[in-house]
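Visitor: Here it is, the structure in full.
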Amino acid sequence: MWYNVLNFGMLKGFIMAENIRNIGFGVDIGGSGVKGALVNLKTGELASRRLRIPTPENSTPTAIVEIIGKIVSELEVPEGTPIGVSFPGPIKNGIVTYIANLDKTWLNTNINNLIKDSLGLEASVINDADAAGYGEVQFGNARGEQGLVFASTQGTGIGTAFIYKGVLIPGCELGHIEINGKDAETRAAASVKNRENLTWEEWATRLQVYYATIEHLFSPDVIIIGGGVSEKADKFIPLLNLKAKVIPAALRNQAGIVGAAHYAAVEQKERNSLKHKISEAFSVKSENAL
Ligand code: BGC
């Protein structure tokens, strides 16, 4: 598919050069809630109330897509608004290639097609951590950062993204690196703190092991910690001892919504300009044929 997520780096340059719409719409699918809002794409601020519907236990593709439809209609998203969906698993050419924290029937689902067939909507779907990292590049703490930024989201799982010199490198799944024989997110995600009733100190000890491993392998200059728990960053960031600068995500829990909306607007613009080029090429051809 031409608008493969891997085109992010190129899209970034494109964003700078082209105007996009002022308002987009972002939906963030999470393990505990599906959240959506209209987004002001010039400022990165929400342009409507944020609607959250709890993720049902049976988090099948049909159930989640129905919730997306509900959010779109309750917030009265105007026709033509670019719609971005941030998804808690890797997406390759619209297809879910791995799923840890939603119903396993998501595996190999083409989420773009599903949304189109069920809701009649053209959406741009992107991994949630990529959306959040992308949001931070556009509006948050990664803007203007010239070094290597490791953006992570702490929630049901651990989402990860790299941004280098302002360009997002999509698709990394470093929440699943194995540390001491265990999948890292099953030890160090924010949800584990709640599930195991860990104190901030106990959880920070696990975060320390996790981020020190990332630091050892990739040497980022900046580590961003996002997700809902970043609202309480002062409880755990000061407990970490790392060489990189560690900061909370500027967009906090909104990064997925904002990043997805912006990504969708850029994709929509690119899609339209491609359509325009094709129709121009056709009209030149038919003129020549006369
Ligand atoms: C998924 C990632 C996702 C992260 C946060 C992980 O389990 O594999 O793709 O970004 O959770 O939702």
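Residues in the sequence shown are numbered consecutively from -13, following the working numbering. Backbone N, C-alpha and C fix where the C-beta goes; we use that ideal spot for every residue, glycine too.
May I ask which residues mark the beginning and end of the beta strand (DSSP E) holding residue 212?
Guide: Element bounds for residue 212: 208 to 212.
Visitor: Closest to residue 137 by C-alpha separation, out of 8, 31, 106 and 235, would be which residue?
Guide: 235
Visitor: Per DSSP, which residues does residue 81 bridge with? Please list them.
Guide: 78 and 96
Visitor: Pick from 215, 160, 206 and 165: whose alpha carbon is nearest that of residue 176?
Guide: 215
Visitor: Does DSSP put residue 13 in a helix, in a strand, or in coil?
Guide: strand
Visitor: Tell me whether residue 84, by its Cβ, gets closer than 8 angstroms to a heavy atom of the ligand BGC.
Guide: yes
Visitor: Within the present structure, is the beta-carbon of residue 161 separated from the nearest heavy atom of the ligand BGC by less than 8 angstroms?
Guide: yes
Visitor: Smallest Cα separation from residue 17: which of 7, 92 and 63?
Guide: 92
Visitor: Could you check if residue 27 is buried or exposed, using at least 16 other CB atoms within 10 Å of its CB as the buried criterion?
Guide: buried
Visitor: Would a C-beta distance cut-off of 9 angstroms place residue 73 and residue 247 closer than the cut-off?
Guide: no
Visitor: Less than 6 angstroms between C-beta atoms, sequence neighbours within five positions excluded: which residues of the same chain meet that for residue 109?
Guide: 69, 71 and 101
Visitor: Which of the three DSSP states, helix, strand or coil, is assigned to residue 140?
Guide: strand
Visitor: By Cβ distance, which residues of its chain are closer than 7 angstroms to residue 162, with the 5 residues on each side in sequence left out?
Guide: Hits under 7 angstroms: 169, 170 and 171.
Visitor: If you follow the alpha helix (DSSP H) that residue 233 is in, where does it begin and where does it stop?
Guide: Looking at the DSSP string, residue 233 is not in any alpha helix (DSSP H); the run it does join, the beta strand (DSSP E), is 231 to 234.
Visitor: Per DSSP, what kind of secondary structure is residue 23 in: helix, strand or coil?
Guide: Here residue 23 sits in strand by DSSP.
Visitor: Going by C-alpha to C-alpha distance, which of 143, 150 and 14 sits closest to residue 37?
Guide: 14
Visitor: Can you give me the C-alpha to C-alpha distance between residue 278 and residue 228, rounded to a whole angstrom?
Guide: Because the chain in this structure spans residues -13 to 276, residue 278 falls outside the shown range and cannot be described.
Visitor: Which stretch, first to last residue, makes up the beta strand (DSSP E) that contains residue 110?
Guide: 109 to 113
Visitor: Whole angstroms are fine: how far does the CA of residue 65 sit from the CA of residue 135?
Guide: 36 angstroms
Visitor: For residue 154 versus residue 144, is the C-beta distance shorter than 9 angstroms?
Guide: Not in contact: residue 154 and residue 144 (Cβ atoms no closer than 9 angstroms).
Visitor: Short check: CB of residue 178 to CB of residue 107, under 9 angstroms?
Guide: no
Visitor: By DSSP's criteria, residue 147 is part of a beta bridge. Which residues make up the other side?
Guide: 137
Visitor: Which whole-angstrom value is the C-beta distance of residue 279 and residue 75, which I expect to be below 8 angstroms?
Guide: Absent from the model: residue 279. The displayed extent of the chain is -13 to 276, so no value can be given.
Visitor: DSSP three-state call for residue 70: helix, strand or coil?
Guide: In this structure, residue 70 counts as strand in the three-state DSSP scheme.
Visitor: Which word fits residue 256, buried or exposed, when buried means at least 16 other C-beta atoms lie within 10 angstroms of its C-beta?
Guide: buried
Visitor: Would you check whether the ligand BGC has a heavy atom nearer than 8 angstroms to the C-beta of residue 142?
Guide: yes
Visitor: Near residue 225, what residues of its chain come up, given a Cβ to Cβ distance below 6 angstroms and the 5 sequence neighbours on each side ignored?
Guide: 190
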